[in-house]
Ligand code: SF4
Ligand code: SF4
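Chains as they are written, first to last, in the numbering used here: chain R, 1083 to 1332; chain H, 56 to 565.
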């Protein structure tokens, strides 16, 4: 077994752990932190089903972004849904035998790769060209897009230009998840692709990529508009509550 | 008090996104609170020596207390959707008035001290040290936000800059630099009972004057009772209603509605203020303390219902927070929502046929409606989402024949703040107030020119005061702005004698 295989394998275990533990930790913090006041952006749903529908609209259709900026919406949507399909397509490297529906979407996944890269490129251009967005961007905002672009482009190149040994790649990935390490083909494009993916996984819990789990915790989107019907006492506020009636009137 | 010279922004023919002018409003900051204004609220009198330590500690506490703050500071992706949505940005072109940039003032410090990336790679992620310059940047730009929530409508994650502004102000007050305007007013509520500092005798006097005025005008004895025990309804209204135009015409309208419906009601001198500036300074404890006076008054007077007068942020606190802050209201009549907005109240009576409106009384007017930001985006009326847009419009249409809405992207939940909300309504901030009014003024001008609109109705004391002040800057008459209940006051058909339903005389001691 080559040193390369060992290093990349270890890297993926490490970045996988960082991703899972890091995100779980963040979610735990979001979960634990109370929302002491009822603050949905109104008009807001009155029922839990309504809230679920609102979140569905945000996560699947980016509906608030749609109202805010059509360019960012179309580019962002291309990128995210392109990426989703690409990720689903990648399940073929982790399932044996390949799940039937993963097989079924292979052809879409190929186009989705282009959509993803086109969306990302558009977002990057926007970030560089539109003065307001350039103003609010830190180096990390640009680098994040470049990293994703790099992942997308290296993937597309392996698919369409310099074919990589897919069979060995699959043996490697299956080996990773079954803890039965298999040699990784020493293909530079593949190595770059994998290194960038691992980087992204490591960065995830420490960056704005937290928007993915975070959106479900956004009080302006996930609260019901029922403050007159229900009190919404946080634990720390309940302590104030116990002492508050000492004044006049009671 | 036009201390600073500035240019009123030009009405743009086609509103476009301004080109950034860095530092355009870097000179704008409100007067700093004196120790007298700070201490009654539990804040240090002046900037403490170890302010940096105190500020970071406070930030840490707030992060643990408010999920909004913790999540919002983490998850902004800098997509830019909010950047052009703030009226203060549109009116000033200062990039720090873009909502995300306003958040970033705090976020950069959060990153530096509370995140791994900011601790080790500050340059990479745009994290900065908390310096005195940063602190004063907070002071300046967190007082150029009216907590109107327009930005949150367009954010893919619902990030509400108002939450960040409140946290920023709370941290500032905690290290000793509070805002004089808000903190002085909260002090007045604690001492006297209302924002304007009107003591009971002055209130009584005003209310008696109103009774005379209405009787002279209509021949009907409409009561304006104060501190009447056993009344059915406690009306809590912004104190501006007691004295300034056009607010007071709204109060007259409420009185006529109660009179005509035959429902006994009272004001309270203990809770003679609906506004709650505790919201503006982002401080839960003060907000609760201000609100508590309403509970106390309701218990003391033994009323069965609480109705809130026309006010925006006040209605947000009342509708969204009272139950949590000062509830439960199990001592009130469960048949009615607590609290109930005066527009809900009047609308209900109208539907039941208990009052009649004659819209021809307002035939001299063509009216449009300004959705107040905090009613629109932080509360509700009626039993369906969006009732806050429908009910006031229904009332206006029932009381006048000519109603026109402004451009769709400037009303309902996309409404623009008047420019004076959230603790900005003070003369030392007049420049930002005028500039921030630009988008609303543009929309108004459009309907004035196209549809001959003569009046703009509003349901917020801040909106009314702000427009009275800024309309002339845009060559519009200051008396264009009216209360919704002022229109009702004109249109309501008052019948019969006056005595039948009056519960008791107005000067009962409580
Ligand atoms: S809350 Fe309103 S005033 Fe504040 S940043 Fe957002 S849009 Fe601007
Ligand atoms: S719209 Fe939301 S996510 Fe986008 S830049 Fe503004 S605050 Fe950040």
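Built from N, CA and C at the ideal position, the CB exists for glycine as well.
Same chain, Cβ closer than 6 Å to residue 205 of chain H, neighbours up to 5 away in sequence not counted:
Residue numbering aside, residue 205 of chain H sits at position 150 when the second chain is read from its first letter. If we look at residue 205 of chain H and ignore the five residues flanking it on each side, its Cβ neighbours are 140.
Of the residues R:1253, R:1225, R:1149, the one placed nearest residue 1179 of chain R, counting alpha carbons only:
On the first chain, position 97 is the one that residue 1179 of chain R refers to. Selected option, being the one with the closest Cα: R:1253.
Would you report the Cα separation of residue 1159 of chain R and residue 172 of chain H, rounded to the nearest angstrom?
Position 77 of the first chain, counted from the start, is the residue given in the question as residue 1159 of chain R. Position 117 of the second chain, counted from the start, is the residue given in the question as residue 172 of chain H. Their backbone Cα atoms lie some 27 Å apart in a straight line.
I want to verify the contact list: residues of chain R whose CB lies under 7 Å from the CB of residue 180 of chain H, in sequence order.
Reading the second chain from its first residue, position 125 is the one you call residue 180 of chain H. Within chain R, the residues near residue 180 of chain H are 1220, 1222.
Quick check on DSSP: helix, strand or coil for residue 237 of chain H?
The sequence position of residue 237 of chain H within the second chain is 182, counting from 1. Of the three classes helix, strand and coil, the one that applies to residue 237 of chain H here is helix, per DSSP.
Tell me where the alpha helix (DSSP H) around residue 53 of chain H begins and ends.
The shown model of chain H, from 56 to 565, leaves out residue 53 of chain H, and the question about it has no answer.
Indicate the three-state DSSP secondary structure (helix, strand or coil) for residue 360 of chain H in the structure shown.
The residue given as residue 360 of chain H occupies position 305 in the second chain. Here residue 360 of chain H sits in strand by DSSP.
Going along the segment 377–392 of chain H in order, which residues come within less than 7 Å of chain R, judged by CB to CB distance?
378, 379, 382, 383, 392
So the beta strand (DSSP E) residue 543 of chain H belongs to, where does it begin and stop?
The sequence position of residue 543 of chain H within the second chain is 488, counting from 1. Segment 539–546 is the alpha helix (DSSP H) holding residue 543 of chain H; no beta strand (DSSP E) there.
For the segment 108–135 of chain H, which residues have a CB atom closer than 8 Å to at least one CB atom of chain B, in sequence order?
Absence of chain B from the displayed structure is noted, the protein chains being R and H.
Check whether the Cβ of residue 431 of chain H sits closer than 7 Å to any heavy atom of ligand 1, and report yes or no.
Indexing the second chain from 1 puts residue 431 of chain H at position 376. No.
Contact check, residue 346 of chain H vs residue 331 of chain H, beta carbons under 8 Å:
If you number the second chain from 1, residue 346 of chain H lands on position 291. If you number the second chain from 1, residue 331 of chain H lands on position 276. Contact: yes.
Hey, quick one: how far does the alpha helix (DSSP H) through residue 87 of chain H stretch, first residue to last?
The count along the second chain starts at 1 and reaches residue 87 of chain H at position 32. Segment: none, residue 87 of chain H is in no alpha helix (DSSP H) and carries neither H nor E.
So, using beta-carbon positions, are residue 281 of chain H and residue 296 of chain H closer together than 8 Å?
The count along the second chain starts at 1 and reaches residue 281 of chain H at position 226. The count along the second chain starts at 1 and reaches residue 296 of chain H at position 241. It is not a contact, given that the beta carbons lie outside the stated cut-off.
With H, G and I counted as helix, E and B as strand and the rest as coil, what does DSSP make of residue 458 of chain H?
In the second chain, residue 458 of chain H corresponds to position 403, counting from 1. Note: residue 458 of chain H maps to strand in three-state DSSP.
Contacts of residue 340 of chain H in chain R (Cβ-Cβ under 9 Å):
Here residue 340 of chain H corresponds to residue number 285 of the second chain, with the count starting at 1. Chain R residues near residue 340 of chain H: 1322.
Using the Cα positions of residue 1091 of chain R and residue 104 of chain H, report the straight-line distance between them to the nearest angstrom.
Working through the first chain from its first residue, we reach residue 1091 of chain R at position 9. Working through the second chain from its first residue, we reach residue 104 of chain H at position 49. Looking at the two C-alpha atoms, the distance is approximately 53 Å.
Can you look up residue 353 of chain H in the DSSP assignment and give me helix, strand or coil?
In the second chain, residue 353 of chain H corresponds to position 298, counting from 1. Of the three classes helix, strand and coil, the one that applies to residue 353 of chain H here is helix, per DSSP.
Taking the continuous beta strand (DSSP E) assigned at residue 511 of chain H, which residues delimit it?
Position 456 of the second chain, counting from 1, holds the residue named residue 511 of chain H. Run containing residue 511 of chain H: 510–513, per the beta strand (DSSP E) assignment.
Neighbouring residues, chain R, relative to residue 207 of chain H (Cβ below 7 Å):
Here residue 207 of chain H corresponds to residue number 152 of the second chain, with the count starting at 1. Under the 7 Å cutoff, chain R gives 1123, 1302.
Residue span of the alpha helix (DSSP H) that contains residue 406 of chain H, given as start and end:
Here the question's residue 406 of chain H lines up with position 351 in the second chain. 397–406 is the span of the alpha helix (DSSP H), which, as asked, contains residue 406 of chain H.
Cβ neighbour criterion (16 or more within 10 Å) applied to residue 1292 of chain R
For the purposes of this step, residue 1292 of chain R is taken as the residue at position 210 of the first chain. By the neighbour-count rule (16 or more Cβ atoms within 10 Å), residue 1292 of chain R is buried.
Let me see if you follow: with CB-CB separation under 8 Å, is residue 1133 of chain R close to chain H or not?
Residue 1133 of chain R sits at position 51 when you count from the first residue of the first chain. False, the Cβ-Cβ gap to chain H never drops below 8 Å.
From the DSSP output, in three-state form, read off residue 1248 of chain R for me.
Translated into positions along the first chain, residue 1248 of chain R becomes position 166. In this structure, residue 1248 of chain R counts as helix in the three-state DSSP scheme.
Any idea what DSSP makes of residue 1263 of chain R, helix, strand or coil?
Here residue 1263 of chain R is taken as the residue at index 181 of the first chain, counted from 1. Looking at residue 1263 of chain R - three-state DSSP - the assignment turns out to be coil, as it is neither helix nor strand.
Under a three-way DSSP split, which group does residue 220 of chain H fall into?
Reading the second chain from its first residue, position 165 is the one you call residue 220 of chain H. Residue 220 of chain H falls in the helix class under three-state DSSP.
Residues of the segment 1103–1121 of chain R in Cβ contact with chain H at a cutoff of 8 Å, in chain order, please.
1108, 1111, 1112, 1115, 1116, 1117, 1118, 1119, 1120, 1121
Check whether the Cβ of residue 1295 of chain R sits closer than 7 Å to any heavy atom of ligand 2, and report yes or no.
Position 213 of the first chain holds residue 1295 of chain R. Answer for residue 1295 of chain R: no, Cβ out of range of ligand 2.
Look at the Cβ atom of residue 1296 of chain R, then the Cβ atom of residue 129 of chain H, and state whether they are nearer than 8 Å.
Translated into the one-based positions of the first chain, residue 1296 of chain R becomes position 214. Translated into the one-based positions of the second chain, residue 129 of chain H becomes position 74. Yes.
Simplified DSSP state of residue 291 of chain H, which is helix, strand or coil
Along the second chain, one-based indexing puts residue 291 of chain H at 236. Of the three classes helix, strand and coil, the one that applies to residue 291 of chain H here is strand, per DSSP.
From residue 530 of chain H to residue 1125 of chain R, what distance separates their C-alpha atoms?
Indexing the second chain from 1 puts residue 530 of chain H at position 475. Indexing the first chain from 1 puts residue 1125 of chain R at position 43. One C-alpha to the other measures close to 34 Å.
With a threshold of 7 Å (Cβ to nearest heavy atom), would residue 155 of chain H be considered close to ligand 2?
Walking along the second chain from the start, residue 155 of chain H turns up at place 100. For ligand 2, at least one heavy atom lies less than 7 Å from the Cβ of residue 155 of chain H.
Exposure label - residue 179 of chain H; buried when at least 16 CB within 10 Å:
Position 124 of the second chain, counting from 1, holds the residue named residue 179 of chain H. Looking at its Cβ environment, which holds fewer than 16 other Cβ atoms inside 10 Å, residue 179 of chain H is exposed.
Beta carbon proximity, residue 288 of chain H to chain R, threshold 8 Å
Within the second chain, the letter at position 233 stands for residue 288 of chain H. No, residue 288 of chain H lies away from the interface with chain R (no Cβ there is under 8 Å from its Cβ).
Backbone CA spacing between residue 212 of chain H and residue 514 of chain H [nearest angstrom]
Taking the second chain and counting its residues from 1, the one referred to as residue 212 of chain H is at position 157. Taking the second chain and counting its residues from 1, the one referred to as residue 514 of chain H is at position 459. Each residue's Cα considered, the two are about 29 Å apart.
Along the chain, where does the alpha helix (DSSP H) containing residue 147 of chain H start, and where does it finish?
By 1-based counting over the second chain, the position of residue 147 of chain H is 92. Counting along the chain, the alpha helix (DSSP H) containing residue 147 of chain H begins and ends at 142–147.
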